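Chemist: The structure that follows is given in the form of structure tokens.
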Amino acid sequence: MPKYSQAPPIRSIRNIQLPEHEVREYPNGLKLIIVNAGAQEVFKLETIFHAGRFYEQEKLISGTTLRMIREGGQGYSSERIAETIDFYGATLSTPTHLDFSGTTLYGLNQHFDTLLELYQSVILTPTFPEVEFSDYITERKQRLQVDLSKNDVIAYRNVTEAIFGSHHPYGYNSVRDMYDSVGIDQLRAHHENHYRSGNCTVVISGKISQGMIQRLENEFFPRIPTGHSKPKTFSIIPHQETIQHFTKPNSVQTAIRMGKRLFDRKHEDYLGLYCLNVILGDYFSSRLMMNIREDKGYTYNIYSMLDIMKHNGMLLISTETANEHTRATIKEIHHEFERLRTEPIPKEEMEMARNYTMGTMLTALDGPFNSSVLIKGLFLNDMDKKHFDALIQTIQNINQDELMRLANKYLTTEDMYTVTVGA
């Protein structure tokens with residue numbers, strides 16, 4: 019038979035190991051995670067502070083502070099920051115997160131020293147320039163107005179508020195008046211109080227030299243103010259009404275968001291529910307996709323997800339469908355809940371979901387940058403290698419009885435919030 023005329027054999031992924039990494043802790047409370055791997059002379063540097071919504075004195079302060087630190091640091095105007103990043107082929111971003119405030123820098127190793135100088139200035143000595151601040155507030159108001167014209171955005175905002183309550187960090191939503199209440203002095207106070215060494219974790223990944231580590235330890239870390247702050251405590255006050263519809267005249271489709279409150283990643287049922295969610299709606303061959311998209315044709319896309327954060331989490335199901343199919347779509351979602359509660363999942367389906375999930379894990383660990391995301395997530399949520407190993411073992415070994423037990427415990431309709439937005 020000619021060479022390469024046969025496809026290679028398909029083999030199941032039996033085990034996955036967390037990549038090698040190092041964690042250093044310093045006397046001032048700062049923590050450093052090093053993921054030294056890869057062949058390319060590139061790096062990713064992340065500085066994460068426990069300074070998200072649980073640390074706010076007023077709503078929207080954490081996100082606005084994080085966004086504004088990119089607009090100017092001591093010795094660096096917003097124009098100079100943009101020009102420097104562009105000139106050296108780097109990327110500087112401040113991805114949003116409800117629990118943390120993080121700043122990420124990608125660059126070439128040969129420019130590490132120059133880029134680190136800018137990076138320190140942005141994070142540690144932000145100037146919060148008034149013109150850029152005013153422009154940002156105006157832009158956010160305009161974006162909010164656009165977002166509130168979208169059915170899917172309205173549905174998501176209302177289901178999260180229903181689950182956690184309108185005053186909880188995971189439940190409150192931005193409104194125009196909130197932006198009018200945000201001031202530069204509040205941003206400075208938030209930065210001063212929470213961007214401190216005891217709240218800080220730094221993650222560096224890529225092909226990392228000892229010299230780069232020394233630059234961090236000798237120049238960057240000593241400049242971070244010492245101290246530690248604690249998150250505020252919030253009560254969860256969910257809505258009593260579990261079904262809500264918001265009418266949007268002339269809408270062609272209805273957005274459906276269905277969800278319920280769960281727990282954090284350390285809960286005893288998290289690993290098993292992670293596996294159950296894959297079968298329910300987390301990939302193309304899931305129950306929701308095969309029934310509601312492929313069989314019924316009610317929607318182009320439908321998915322379920324475990325949106326798990328540091329202090330709590332939720333199960334969320336999302337889709338958009340033609341107005342006339344809204345009730346039928348919800349009925350079919352409930353039908354899939356019922357099937358998982360009462361019918362053992364066929365072994366072939368379990369094996370397919372198992373293989374998909376293991377493949378997804380391999381992708382998540384492909385290269386030092388991807389690996390650092392997973393390792394960082396474990397660390398920031400007070401978890402370690404044992405938790406990752408337990409997840410791999412659960413994926414490999416969970417059985418039909420355990421999945422059915424979890425379905426009966428969590429895939430119930432009476433405590434599930436349903437929000438629809440459409441005509």
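Here this note's numbering runs 18 ahead of the position in the sequence shown, where the first position is 1. Cβ coordinates follow ideal geometry from the N, Cα and C atoms, glycine included. Every value quoted in this text rests on a predicted model; they were computed, and no experiment measured them.
From which residue to which residue does the alpha helix (DSSP H) around N388 run?
Modeler: Segment 386-398, the alpha helix (DSSP H) holding N388.
Chemist: Would you call the segment 160-180 in contact with the segment 258-269, where contact means no fewer than 3 C-beta pairs closer than 8 Å?
Modeler: Output reads yes: the segment 258-269 touches the segment 160-180.
Chemist: Say the cut is 7 Å; is the CB of I416 nearer than that to a heavy atom of the ligand GDP?
Modeler: Ligands are entirely absent from the displayed structure, and the ligand GDP is therefore not among its contents.
Chemist: How far does the beta strand (DSSP E) with V60 in it reach, from first residue to last?
Modeler: Unbroken beta strand (DSSP E) run through V60: 60-67.
Chemist: Could you pull the start and end residues of the alpha helix (DSSP H) that K365 belongs to?
Modeler: It spans 365-382 - the alpha helix (DSSP H) in which K365 sits, taken as one unbroken run.
Chemist: On the DSSP letters alone, give me the boundaries of the beta strand (DSSP E) that D325 sits inside.
Modeler: D325 -> beta strand (DSSP E) spans 320-326.
Chemist: Straight-line CA distance for E38 to T156?
Modeler: So the alpha carbons of these two residues sit roughly 45 Å apart.
Chemist: What do you get for F302, buried or exposed, if any count of 16 or more other CB atoms within 10 angstroms of its CB means buried?
Modeler: The residue in question, F302, is exposed, as its Cβ has fewer than 16 Cβ neighbours within 10 Å.
Chemist: Give every residue of the same chain whose Cβ lies closer than 6 Å to the Cβ of L334, excluding the five residues on either side of it in the sequence, and list them in chain order.
Modeler: G277, M323, D325.
Chemist: To the nearest angstrom, report how far apart I393 and R42 are at their CA atoms.
Modeler: If I take the Cα positions, the gap works out to 14 Å.
Chemist: Check whether the segment 237-252 and the segment 43-61 touch, using three or more Cβ-Cβ pairs below 8 Å as the test.
Modeler: They touch, by the three-pair rule.
Chemist: What alpha helix (DSSP H) runs, 4 residues minimum, are completely inside the segment 113-192?
Modeler: Here the runs fully enclosed are 130-142, 148-165, 169-182.
Chemist: Work out the CA separation of P27 and Y174 for me, nearest whole Å.
Modeler: Rounded to the nearest angstrom, the two C-alpha atoms are 43 Å apart.
Chemist: Taking the C-alpha atoms as reference points, what is the distance between M370 and T339?
Modeler: Using only the alpha carbons, I get a separation of about 27 Å.
Chemist: Considering Cα atoms alone, identify which of M86, V193, T121 is closest to P147.
Modeler: The option with the nearest alpha carbon to P147 is M86.
Chemist: Looking only at DSSP bridge pairs, what is E43 linked to?
Modeler: Paired residue(s): K49.
Chemist: When the Cβ atoms of the segment 371-379 are set against those of the segment 409-424, are three or more pairs found closer than 8 Å?
Modeler: Yes, the segment 371-379 is in contact with the segment 409-424.
Chemist: Inspect the beta-carbon positions of I202 and F130 and report whether they are closer than 8 Å.
Modeler: Against a cut-off of 8 Å, the Cβ pair of F130 and I202 comes out as no contact.
Chemist: With DSSP run on the structure shown, which of helix, strand or coil describes E338?
Modeler: Of the three classes helix, strand and coil, the one that applies to E338 here is strand, per DSSP.
Chemist: Considering only DSSP beta bridges, list what K278 is partnered with.
Modeler: In DSSP, K278 forms a bridge with L333.
Chemist: Report the option in V270, M308, T381 whose CA atom is closest to the CA atom of A441.
Modeler: Ranking the options by Cα distance to A441, first place goes to V270.
Chemist: Here's the rule I'm using: 16 or more other beta-carbon atoms within 10 Å means buried, otherwise exposed. How should E64 be labelled?
Modeler: It counts as buried.
Chemist: Tell me the DSSP bridge mates of G90?
Modeler: BP columns for G90 point to S95.
Chemist: Between E354 and L298, which are expected to be in contact by the criterion C-beta below 8 Å, what is the C-beta distance as a whole number of angstroms?
Modeler: 7 Å between Cβ atoms; contact.
Chemist: Would you mind stating whether Y106 and K159 have Cβ atoms separated by less than 8 Å?
Modeler: No, Cβ-Cβ distance for Y106 and K159 is not below 8 Å.
Chemist: Kindly identify the DSSP beta-bridge partner or partners of A273.
Modeler: A273 is bridged to E338, V439.
Chemist: What does the alpha-carbon distance come out to for the pair T121 and L133?
Modeler: Near 13 Å, if we compare the C-alpha coordinates of L133 and T121.
Chemist: So, does the segment 349-368 touch the segment 205-214, judging by three or more C-beta pairs under 8 Å?
Modeler: As far as the Cβ criterion goes, the segment 349-368 does not touch the segment 205-214, which means the pair count is below three.
Chemist: Quick check: the Cα distance between A108 and T431, rounded to an integer number of angstroms?
Modeler: Between A108 and T431, the C-alpha separation is close to 48 Å.
Chemist: Could you give the first and the last residue of the continuous alpha helix (DSSP H) run that contains H405?
Modeler: H405 -> alpha helix (DSSP H) spans 403-415.
Chemist: Taking the straight line between their C-alpha atoms, what separation do you get for S336 and L294?
Modeler: If I take the Cα positions, the gap works out to 17 Å.
Chemist: Identify the residues that DSSP records as bridge partners of I103: which are they?
Modeler: In DSSP, I103 forms no bridge with anything.
Chemist: The beta strand (DSSP E) that contains V221, what's its start and end?
Modeler: Note, V221: beta strand (DSSP E), 218-224.
Chemist: Relative to the C-alpha of E101, which residue among M308, R88, N33 is closest?
Modeler: Selected option, being the one with the closest Cα: R88.
Chemist: Mark V439 as exposed unless 16 or more other C-beta atoms lie within 10 angstroms of its C-beta, in which case mark it buried.
Modeler: The residue is buried, with at least 16 neighbouring Cβ atoms inside 10 Å.
Chemist: Taking all protein chains shown into account, do 16 or more other C-beta atoms lie within 10 angstroms of the C-beta of Q138, making it buried, or fewer, making it exposed?
Modeler: So Q138 ends up on the buried side.
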